[in-house]
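Protein chains in written order, with our numbering: chain A, 1 to 248; chain B, 1001 to 1207.
Built from N, CA and C at the ideal position, the CB exists for glycine as well.
Here it is, written out as structure tokens:
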């Protein structure tokens, strides 16, 4: 029964997404996305880095690519792509820190690709992508990232990925150094901390919409529309169920 | 062309195999794939440790003393692991963990509460809106009520009201918010996973 339900959900979502994708391709319409302050601010970070001569710091958190936090980490990689491509083109590549070993080769590869796209020599490698600590050592990771922020004299702090309440330690260093912060995580406790330290938060699904906001390919926009329809369906079911329980 | 299609084919086929293994409860298939993934994670961890060592060695060359401490500590722990495995020392690595790493992490964990309080006050300084006041007010109420409930308050009724109000915040408001966030994350995860499964999303390729 469970297997059938899972298959049905996947097939139904896939079908809906396929329909949205075809519609998106056929109409080629511009989708008006709800403006999110965090993505708006992200677009100005490279300019600030170029003007100040200081790097943007981005941390991809502690969610691995082989665990259930994979989608959040992939979204973090999209944001890193954006910062790396624009940064390398303007000679201001970001500093990237990761707290899970599987993220390191991917992040390193994305930065190499950004250098290649910007037709810059690969004089890179001098610690632009750094592994800080394994995902079992949350506080060691937080302490390491805080030290990197301080030592690299970053201009802004972008934390996107799976991060818990330990991000308070990182953001405290950022606040002391007067850095602008953009924080996105899927962890509700981490989000509570993020809300307290910055106005530019990406709450759960907003982080997962990174690709649609930053690249805007038809497949990505279609999946955002699918998500909205699914949310509407689930909300109606939950509300209907609650009313039914109340009446009966 | 081949450079693009081979990783894509591997990613799609392994994604589908994992999905089949988990959906139809095929433990042999799931365990085999998990074993391979575990091996890759171990290789990535070795790369990560080498990266950490090289980065801090570079910083040490620029005169960063903290990086020097990290490099020396890494070498010392490696040496201890070597001597432990050869029977020269006993439990050297475990001793370092329980006497150095565990107390340091505990110290950082205890500092977290102070960082959170500081963050709360920064919020009120930065954003003097009703939502910031509500955020901070709720946090202070939950902290105080936790302490007050442990104390003998005058009158049974006041304790009961405090406890009920606290339960209402925790079980209804906080839980509802958290579930909302988690449902949103789950929906986003499903659609992103679908894009990964059909190869529309390729974090492993040059596109």
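TODO: Write down every uninterrupted run of the alpha helix (DSSP H) in the region 1067-1116 of chain B whose length is 4 residues or greater and which is fully enclosed by it, in chain order.
DONE: With a minimum length of 4 residues, the continuous alpha helix (DSSP H) runs that stay inside the region 1067-1116 of chain B are 1092-1096.
TODO: Compare the Cα-Cα distances from residue 1055 (chain B) to each of B:1068, B:1169, B:1133 and report the closest residue.
DONE: By 1-based counting over the second chain, the position of residue 1055 (chain B) is 55. Cα-wise, what sits closest to residue 1055 (chain B) is B:1068.
Task: Touch test, the region 184-196 of chain A against the region 1174-1185 of chain B, Cβ-Cβ under 8 Å, three pairs minimum - done: Flag = yes, the region 184-196 of chain A and the region 1174-1185 of chain B touch.
Open item on the list: At a cut-off of 7 Å, would you count residue 134 (chain A) as near the ligand MN, judging by its Cβ distance to the nearest heavy atom?
Closed with: Absent from the structure shown: the ligand MN. Ligands present: none.
Open item on the list: Counting only C-beta atoms, is residue 978 (chain B) closer than 8 Å to chain A at any point?
Closed with: Residue numbering for chain B in the displayed model covers 1001 to 1207; residue 978 (chain B) lies beyond these limits and cannot be assessed.
Open item on the list: Given a cut-off of 8 Å on the beta-carbon distance, is the pair residue 143 (chain A) and residue 1108 (chain B) in contact?
Closed with: The sequence position of residue 143 (chain A) within the first chain is 143, counting from 1. The sequence position of residue 1108 (chain B) within the second chain is 108, counting from 1. Yes, the pair counts as a contact, with Cβ atoms nearer than the cut-off.
Task: Inter-residue spacing [alpha-carbon to alpha-carbon] between residue 97 (chain A) and residue 131 (chain A) - done: Along the first chain, read from residue 1 onward, the residue named residue 97 (chain A) stands at position 97. Along the first chain, read from residue 1 onward, the residue named residue 131 (chain A) stands at position 131. Near 6 Å, if we compare the C-alpha coordinates of residue 131 (chain A) and residue 97 (chain A).
- [ ] Following the continuous beta strand (DSSP E) through residue 131 (chain A), name the residue where it begins and the one where it ends.
- [x] If you number the first chain from 1, residue 131 (chain A) lands on position 131. According to the DSSP assignment, residue 131 (chain A) belongs to the beta strand (DSSP E) that extends over 129-131.
Open item on the list: I'd like to know if residue 243 (chain A) contacts chain B, where contact means its C-beta is closer than 8 Å to some C-beta of that chain.
Closed with: Position 243 of the first chain, counted from the first residue, corresponds to residue 243 (chain A). Residue-level contact check: residue 243 (chain A) does not touch chain B, since none of the beta carbons of chain B fall below 8 Å from its beta carbon.
- [ ] Starting from residue 185 (chain A), follow its DSSP beta bridges and name the residues at the other end.
- [x] Working through the first chain from its first residue, we reach residue 185 (chain A) at position 185. DSSP lists A:203 as partners of residue 185 (chain A).
Open item on the list: Just to confirm my understanding: we take residue 226 (chain A), look at its own chain, exclude 5 residues before and 5 after, and list those with CB closer than 6 Å. What are they?
Closed with: Numbered from its first residue, the first chain carries residue 226 (chain A) at position 226. Residues of the same chain with a CB within less than 6 Å of the CB of residue 226 (chain A), apart from the 5 flanking positions on each side, are 16, 17, 20 in chain order.
Open item on the list: Which residue marks the beginning of the alpha helix (DSSP H) containing residue 1158 (chain B), and which one marks its end?
Closed with: Within the second chain, residue 1158 (chain B) is the residue found at index 158, counting from 1. Residues 1156-1168.
Task: Counted within 10 angstroms of its Cβ, other Cβ atoms place residue 1070 (chain B) as buried (16 or more) or exposed - done: In the second chain, residue 1070 (chain B) corresponds to position 70, counting from 1. Classified as buried, residue 1070 (chain B) has 16 or more neighbouring CB atoms from the shown chains inside 10 Å of its CB.
Task: Short CB-CB distance (under 8 Å) between residue 71 (chain A) and chain B - done: Within the first chain, the letter at position 71 stands for residue 71 (chain A). At a cut-off of 8 Å between C-beta atoms, residue 71 (chain A) counts as an interface residue with respect to chain B.
Task: residue 23 (chain A) versus residue 229 (chain A) - alpha carbon distance - done: Locating residue 23 (chain A) in the first chain gives position 23, counting from the first residue. Locating residue 229 (chain A) in the first chain gives position 229, counting from the first residue. Spanning the alpha carbons of residue 23 (chain A) and residue 229 (chain A) requires a straight line of approximately 14 Å.
TODO: Could you check the C-alpha separation between residue 1097 (chain B) and residue 1110 (chain B) for me, to the nearest Å?
DONE: As a working note, residue 1097 (chain B) is residue 97 in the second chain. As a working note, residue 1110 (chain B) is residue 110 in the second chain. For the pair residue 1097 (chain B) and residue 1110 (chain B), the Cα-to-Cα distance works out to about 18 Å.
TODO: Please list the partners that residue 1055 (chain B) has in chain A, where partner means a Cβ-to-Cβ separation under 7 Å.
DONE: Residue numbering aside, residue 1055 (chain B) sits at position 55 when the second chain is read from its first letter. Ordered by position in chain A, the residues that pass the 7 Å Cβ test against residue 1055 (chain B) are 127, 130.
TODO: Could you tell me which of B:1203, B:1205, B:1193 sits nearest to residue 11 (chain A), measuring between CA atoms?
DONE: Against the first chain, residue 11 (chain A) aligns to sequence position 11. For the options B:1203, B:1205, B:1193, the alpha carbon positioned closest to that of residue 11 (chain A) is the one of B:1193.
Task: Distance between residue 1021 (chain B) and residue 1029 (chain B) (C-alpha atoms, nearest Å) - done: By one-based count along the second chain, residue 1029 (chain B) stands at place 29. By one-based count along the second chain, residue 1021 (chain B) stands at place 21. Roughly 6 Å between the two C-alpha positions.
Open item on the list: Check this for me: beta carbons of residue 317 (chain A) and residue 184 (chain A), under 8 Å apart or not?
Closed with: Lying before the first or after the last residue shown, residue 317 (chain A) is absent from chain A, which here runs from 1 to 248.
Task: Cβ contact check for the region 104-111 of chain A and the region 78-91 of chain A: 3 or more pairs under 8 Å - done: Verdict: yes, contact present.
Open item on the list: Check whether chain B comes within 8 Å of residue 172 (chain A), counting only Cβ atoms and requiring the distance to be less than that.
Closed with: In the first chain, residue 172 (chain A) corresponds to position 172, counting from 1. Yes, its Cβ sits closer than 8 Å to a Cβ of chain B.
TODO: Measure the C-alpha to C-alpha separation of residue 146 (chain A) and residue 134 (chain A) and round it to an integer number of angstroms.
DONE: As a working mapping, residue 146 (chain A) is identified with position 146 in the first chain. As a working mapping, residue 134 (chain A) is identified with position 134 in the first chain. If you draw a straight line from the Cα of residue 146 (chain A) to the Cα of residue 134 (chain A), it comes to about 15 Å.
- [ ] For residue 1006 (chain B), collect the residues of the same chain with a Cβ closer than 6 Å to its Cβ; drop the 5 residues on either side in sequence, then sort them by chain order.
- [x] In the second chain, counting from the first residue as 1, residue 1006 (chain B) sits at position 6. None.
Task: Nearest to residue 1204 (chain B) (by Cα), restricted to the options A:120, A:39, A:102 - done: Stepping through the second chain from its first residue, residue 1204 (chain B) is reached at position 204. Out of A:120, A:39, A:102, A:102 has the C-alpha closest to the C-alpha of residue 1204 (chain B).
Open item on the list: If I follow the unbroken alpha helix (DSSP H) through residue 61 (chain A), where does it start and stop?
Closed with: Working through the first chain from its first residue, we reach residue 61 (chain A) at position 61. It is not in any alpha helix (DSSP H) - residue 61 (chain A) instead sits in the beta strand (DSSP E) that spans 56-61.
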